[in-house]
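Participant: Provided herewith is a single structure, encoded as structure tokens, for subsequent inquiry.
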Amino acid sequence: MPKPIRYLIYAAAIALLAYNSVYFKKLDEVKAGTTAFDAAGYAKDFWEKKLTPGLSKAVDLNVLTSLLEADKEKAFNAHSHALGIGNIRYFLVRGQGVVTHVDENEVSVQLTDAGAKTATPHVRIATEYIFGNAVRDASGAIDINAFTNSMDFNNVSAEINRIIRDTVVPPFKSKVRKGDRVVFTGAIELNRGHLQTNDIEVIPVNLQIEKP
Amino acid sequence: MKTSLFYRIALFCIVFGLGFIGCKTKESEGRPKKIAIVISTLNNPWFVFLAQKAEEKAKQLGYESKVFDSQNNTAQETDHFDNAIASGYDAILFNPTDADGSIVNVKNAVSAGIPVFCMDREVNANGVATSQILSDSYSGCVAIGKYFVEILNKKGKYVEILGMVGDNNTWNRSKGFHSVVDFYPGLKMVAQQSADFDRNKAMEVMESLLQAHPDIDGVFCGNDAMAMGAYQALVASGKADRVKVFGFDGAEDVVKSIQDGNILATGMQFPEVMAQTAATFADEYFKGKRDFPRKMPVAVELVKKDNVENYAAYGEKE
Chain A
244 MPKPIRYLIY AAAIALLAYN SVYFKKLDEV KAGTTAFDAA GYAKDFWEKK
294 LTPGLSKAVD LNVLTSLLEA DKEKAFNAHS HALGIGNIRY FLVRGQGVVT
344 HVDENEVSVQ LTDAGAKTAT PHVRIATEYI FGNAVRDASG AIDINAFTNS
394 MDFNNVSAEI NRIIRDTVVP PFKSKVRKGD RVVFTGAIEL NRGHLQTNDI
444 EVIPVNLQIE KP
Chain B
56 MKTSLFYRIA LFCIVFGLGF IGCKTKESEG RPKKIAIVIS TLNNPWFVFL
106 AQKAEEKAKQ LGYESKVFDS QNNTAQETDH FDNAIASGYD AILFNPTDAD
156 GSIVNVKNAV SAGIPVFCMD REVNANGVAT SQILSDSYSG CVAIGKYFVE
206 ILNKKGKYVE ILGMVGDNNT WNRSKGFHSV VDFYPGLKMV AQQSADFDRN
256 KAMEVMESLL QAHPDIDGVF CGNDAMAMGA YQALVASGKA DRVKVFGFDG
306 AEDVVKSIQD GNILATGMQF PEVMAQTAAT FADEYFKGKR DFPRKMPVAV
356 ELVKKDNVEN YAAYGEKE
């Protein structure tokens with residue numbers, strides 16, 4: 244075989260080996276966890292099949308705040324959930340009240356008690372900062388052992404929050420006005436060690452406006 | 056006759072040998088279980104605290120324990136694991152040096168029948184460790200990110216100082232922060248640089264970043280040591296009042312700095328909870344439990360000016 248052809252074959256073989264030995268991948272992709280896990284699909288499935296059918300189990304916020312004052316441990320044990328351990332726990336809640344203030348980040352609501360019609364605490368319904376694990380964890384319907392990668396269940400939270408940001412908040416935010424009566428279901432975060440019930444923020448799952 | 060004598064000697068040896076084995080087994084059963092606590096480095100007070108709390112809990116549960124310092128060196132860590140396996144330790148509470156480099160040590164111990172419970176840092180292999188008890192860094196930094204956006208009112212320039220780029224916690228913290236902040240186009244990250252979780256390096260990084268970007272409004276640091284370093288550089292340049300600094304860990308000096316109104320916020324981790332949970336899991340393992348969660352996140356709490364009175368270094372105020 245002529246030398247130039249032989250060298251050409253050697254060069255081609257080396258190039259082929261080199262090409263198949265090295266590959267480049269973005270660090271972000273490597274760190275993003277398992278690419279096989281479809282967080283958006285999981286979140287959609289969770290929203291439709293577990294969260295929405297389970298909303299009827301949400302505890303009334305007036306009942307919960309009273310119970311927290313009377314027996315904090317009992318309230319946390321009976322109604323809160325979290326995937327991990329620690330003071331931060333989540334509750335699936337429902338409530339109704341009158342809008343007292345609307346701003347770009349939230350809607351303040353004075354809760355009313357359907358039975359006694361007595362004034363109850365203010366809560367803030369978040370319309371801008373929809374972040375965190377409240378909705379993912381509050382229902383208690385997700386098992387941490389179903390996930391092998393911690394970034395996967397972080398991404399599930401992000402996707403659930405995206406659903407809220409895209410579908411729950413816009414129709415409410417565009418119409419809600421001071422004085423409106425609202426009915427809501429959502430998730431709240433409370434700190435078991437340092438409980439504060441005078442500044443509750445609700446991440447909404449379902450929002451309805453009843454015009455006065 | 057010769058054969059008979061041979062058999063008698065052999066029989067004697069077997070019986071005598073079995074007796075020895077029996078004695079040894081009884082001795083093993085009688086002694087308290089031993090727990091090895093292998094820590095990435097004892098040069099950092101945060102890890103010293105983690106080791107002390109694990110040791111305290113192991114003792115409280117009735118076990119002997121010994122702390123091994125890997126000095127951030129995987130080779131030394133391997134020696135500790137070999138030593139722990141050869142010395143008959145019954146469980147290892149482990150704070151890994153390297154998410155990838157430490158996998159083999161965990162595998163070796165588990166193959167030898169020794170359960171391994173990771174604390175604070177994870178290894179990048181699913182189902183290898185018996186359980187991994189880790190700070191929920193991502194969620195903690197989601198809370199910090201939200202507060203960052205509120206404080207900067209959704210606009211401004213900022214820099215991010217990362218920890219060690221090979222450490223999972225670095226990226227979990229960064230991703231949690233960006234999962235919020237990146238929603239706001241008015242917030243522009245002008246630089247992102249590593250300072251290896253080191254206070255002095257962070258000070259140098261901040262000094263050089265301030266040369267290039269003198270008009271920044273905020274700094275997010277992947278741990279409190281770096282937040283203190285960045286703050287020092289800002290004080291030296293006369294910009295400490297204008298630039299908002301955010302950290303992560305819950306270190307003593309940052310808790311004090313938040314009280315004084317200097318550093319804006321940190322994410323409080325709970326090393327005591329992690330250490331106690333790991334030791335309790337080891338206890339449950341000895342008693343027969345096997346179905347442990349592969350990963351157990353421990354909640355991180357946002358500490359800021361209006362709630363700092365509830366916290367002390369590395370946890371809650373007692």
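Chains as they are written, first to last, in the numbering used here: chain A, 244 to 455; chain B, 56 to 373. In this text, a Cβ means the ideal position worked out from N, Cα and C, and glycines have one as well.
Can you grab the Cα-Cα spacing for the pair D251(B) / A254(A), in whole Å?
Facilitator: As a position in the second sequence, residue 251(B) is number 196, starting the count at 1. As a position in the first sequence, residue 254(A) is number 11, starting the count at 1. Roughly 42 Å separates the two Cα atoms.
Participant: Output, in chain order, the set of chain A residues within a Cβ distance shorter than 9 Å of T332(B).
Facilitator: Residue numbering aside, residue 332(B) sits at position 277 when the second sequence is read from its first letter. Near T332(B) (Cβ distances below 9 Å), the residues of chain A are I328.
Participant: Count the other CB atoms, across all protein chains shown, that sit within 10 Å of the CB of K79(B); report buried if there are 16 or more and exposed otherwise.
Facilitator: Taking the second sequence and counting its residues from 1, one reaches residue 79(B) at position 24. Reliability fails at K79(B), whose pLDDT of 40 lies under 50, so the model's placement of it is uncertain and the value that follows must be treated cautiously. K79(B) comes out exposed.
Participant: Which residues does DSSP pair with A91(B) in a beta bridge?
Facilitator: Within the second sequence, numbered from 1, the residue matching residue 91(B) stands at position 36. Its beta-bridge partners are K121(B), I147(B).
Participant: Would you call G77(B) buried or exposed, if buried means 16 or more other Cβ atoms sit within 10 Å of its Cβ?
Facilitator: In the second sequence, the residue the question calls residue 77(B) occupies position 22. Confidence in G77(B) is poor, its pLDDT being 42 and thus under 50, which makes the residue's placement unreliable; the coordinate value appears in the next sentence. Exposed, by the Cβ-count rule.
Participant: What residue range is occupied by the uninterrupted alpha helix (DSSP H) comprising K256(B)?
Facilitator: Working through the second sequence from its first residue, we reach residue 256(B) at position 201. Start and end: 254-267.
Participant: CB L217(B) to CB G277(B), shorter than 8 Å?
Facilitator: Working through the second sequence from its first residue, we reach residue 217(B) at position 162. Working through the second sequence from its first residue, we reach residue 277(B) at position 222. Against a cut-off of 8 Å, the Cβ pair of G277(B) and L217(B) comes out as a contact.
Participant: Would you please state the rounded distance, in angstroms, between the beta carbons of G338(A) and V353(B)? I believe it to be under 8 Å.
Facilitator: Counting from 1 along the first sequence, the entry for residue 338(A) is found at position 95. Counting from 1 along the second sequence, the entry for residue 353(B) is found at position 298. With 8 Å as the limit, G338(A) and V353(B) do not qualify as a contact, their Cβ atoms being about 30 Å apart.
Participant: Considering only residues of the same chain and omitting the five flanking positions on each side of G383(A), which have a CB-CB separation below 6 Å?
Facilitator: Indexing the first sequence from 1 puts residue 383(A) at position 140. Within the same chain, G383(A) has close Cβ partners H324.
Participant: In three-state DSSP terms, what is V419(A)?
Facilitator: Walking along the first sequence from the start, residue 419(A) turns up at place 176. V419(A) falls in the coil class under three-state DSSP.
Participant: Any idea what DSSP makes of A330(B), helix, strand or coil?
Facilitator: In the second sequence, the residue the question calls residue 330(B) occupies position 275. Here A330(B) sits in helix by DSSP.
Participant: Quick one: is F334(A) near chain B, going by C-beta distance under 8 Å?
Facilitator: Here residue 334(A) refers to the residue found at position 91 of the first sequence. Taking Cβ atoms only, chain B never reaches closer than 8 Å to F334(A), which makes this a no.
Participant: Could you check if A334(B) is buried or exposed, using at least 16 other CB atoms within 10 Å of its CB as the buried criterion?
Facilitator: Counting from one through the second sequence, the residue named residue 334(B) turns up at place 279. With 16 or more Cβ atoms within 10 Å of its Cβ, A334(B) is classed as buried.
Participant: Which residues in chain A sit within 7 Å of P348(B), going by Cβ to Cβ distance?
Facilitator: The count along the second sequence starts at 1 and reaches residue 348(B) at position 293. Per Cβ cutoff of 7 Å: I387, N388.
Participant: Please report whether the beta-carbon of A320(B) lies at a distance below 8 Å from any beta-carbon of chain A.
Facilitator: Numbered from 1 along the second sequence, position 265 holds the residue referred to as residue 320(B). For A320(B), the answer is no, since every Cβ of chain A falls outside 8 Å of its Cβ.
Participant: Any contact of the segment 272-291 of chain B with the segment 247-263 of chain B, i.e. 3+ C-beta pairs under 8 Å?
Facilitator: With the cut-off at 8 Å, the segment 272-291 of chain B and the segment 247-263 of chain B touch.
Participant: Hey, is E356(B)'s beta-carbon within less than 8 Å of any beta-carbon in chain A?
Facilitator: Within the second sequence, residue 356(B) is the residue found at index 301, counting from 1. Chain A contact via Cβ: present.
Participant: Does the beta-carbon of L307(A) have 16 or more other beta-carbons within 10 angstroms, so that it is buried, or is it exposed?
Facilitator: As a position in the first sequence, residue 307(A) is number 64, starting the count at 1. L307(A) comes out buried.
Participant: Against chain B, with Cβ distances strictly below 8 Å, would H324(A) count as a contact?
Facilitator: Taking the first residue of the first sequence as 1, we reach residue 324(A) at position 81. Cβ-Cβ to chain B under 8 Å: no for H324(A).
Participant: Within 8 Å of any Cβ in chain A, is that where the Cβ of Y193(B) sits?
Facilitator: As a position in the second sequence, residue 193(B) is number 138, starting the count at 1. Chain A, which has a Cβ nearer than 8 Å to the Cβ of Y193(B), makes this yes.
Participant: What residues in the segment 401-413 of chain A have a beta carbon less than 7 Å from any beta carbon of chain B?
Facilitator: Answer in chain order: A401.
Participant: Leaving out five residues on either side along the sequence, give the residues of the same chain with a beta carbon under 6 Å from the beta carbon of P247(A).
Facilitator: Start at 1 with the first residue of the first sequence, and residue 247(A) comes out as number 4. Excluding residues within five positions, none has a Cβ falling inside 6 Å.
Participant: Kindly indicate which residue of F232(B), N223(B), Y369(B) has the alpha-carbon position closest to the one of Y213(B).
Facilitator: Counting from one through the second sequence, the residue named residue 213(B) turns up at place 158. Checking every option, the nearest Cα to that of Y213(B) belongs to F232(B).
Participant: Is G327(A) helix, strand or coil by DSSP?
Facilitator: Sequence index remark: in the first sequence, residue 327(A) carries index 84 (1-based). If DSSP states are grouped into helix, strand and coil, G327(A) belongs with coil.
Participant: How many Å lie between F10(B) and K317(A) at the Cα?
Facilitator: Any question about residue 10(B) goes unanswered here, given that chain B covers just 56 to 373.
Participant: Hey, out of R379(A), I406(A), R249(A), whose CA is closest to G297(A)'s CA?
Facilitator: Indexing the first sequence from 1 puts residue 297(A) at position 54. Of the candidates R379(A), I406(A), R249(A), the one whose C-alpha sits nearest the C-alpha of G297(A) is R379(A).
Participant: Determine the extent of the beta strand (DSSP E) in which P447(A) is found, giving its start and end residues.
Facilitator: Taking the first sequence and counting its residues from 1, the one referred to as residue 447(A) is at position 204. P447(A) -> beta strand (DSSP E) spans 443-453.
Participant: Alpha carbon to alpha carbon, how far is N434(A) from T332(B)? Give it in angstroms, no decimals.
Facilitator: On the second sequence, position 277 is the one that residue 332(B) refers to. On the first sequence, position 191 is the one that residue 434(A) refers to. Their backbone Cα atoms lie some 19 Å apart in a straight line.
Participant: Would L189(B) pass as a contact of E177(B) if the rule is Cβ separation under 8 Å?
Facilitator: What you label residue 189(B) is simply residue 134 of the second sequence in a count that begins at 1. What you label residue 177(B) is simply residue 122 of the second sequence in a count that begins at 1. In this structure, E177(B) lies closer than 8 Å to L189(B) by Cβ.
Participant: What do you reckon, are the CB atoms on V350(A) and V419(A) nearer than 8 Å?
Facilitator: Walking along the first sequence from the start, residue 350(A) turns up at place 107. Walking along the first sequence from the start, residue 419(A) turns up at place 176. Cβ distance < 8 Å, so V350(A) and V419(A) count as in contact.
Participant: For N388(A) and P348(B), which I take to be in contact (beta-carbon distance under 8 Å), what is that distance rounded to the nearest angstrom?
Facilitator: For this step, residue 388(A) is matched to residue 145 along the first sequence. For this step, residue 348(B) is matched to residue 293 along the second sequence. With 8 Å as the limit, N388(A) and P348(B) qualify as a contact, their Cβ atoms being about 6 Å apart.
Participant: Among E312(A), I403(A), F390(A), F319(A), whose alpha-carbon lies nearest the alpha-carbon of G429(A)?
Facilitator: As a first step, residue 429(A) is located in the first sequence; it is residue number 186 there, counting from the start. Ranking the options by Cα distance to G429(A), first place goes to I403(A).
Participant: Among residues of its own chain, excluding the 5 on either side of F319(A), which ones have a beta-carbon nearer than 7 Å to its beta-carbon?
Facilitator: Along the first sequence, one-based indexing puts residue 319(A) at 76. So the list reads R332, R435, once near-sequence residues are dropped.
Participant: Could you give the residue range of the alpha helix (DSSP H) that holds S249(B)?
Facilitator: Stepping through the second sequence from its first residue, residue 249(B) is reached at position 194. That residue, S249(B), is in no alpha helix (DSSP H); its beta strand (DSSP E) goes 242-249.
Participant: Just how far apart, CA to CA, sit S417(A) and G284(A)?
Facilitator: For this step, residue 417(A) is matched to residue 174 along the first sequence. For this step, residue 284(A) is matched to residue 41 along the first sequence. Looking at the two C-alpha atoms, the distance is approximately 28 Å.
Participant: List the DSSP bridge partners of Q339(A).
Facilitator: Here residue 339(A) corresponds to residue number 96 of the first sequence, with the count starting at 1. Note: Q339(A) sits in a beta bridge opposite V426(A).
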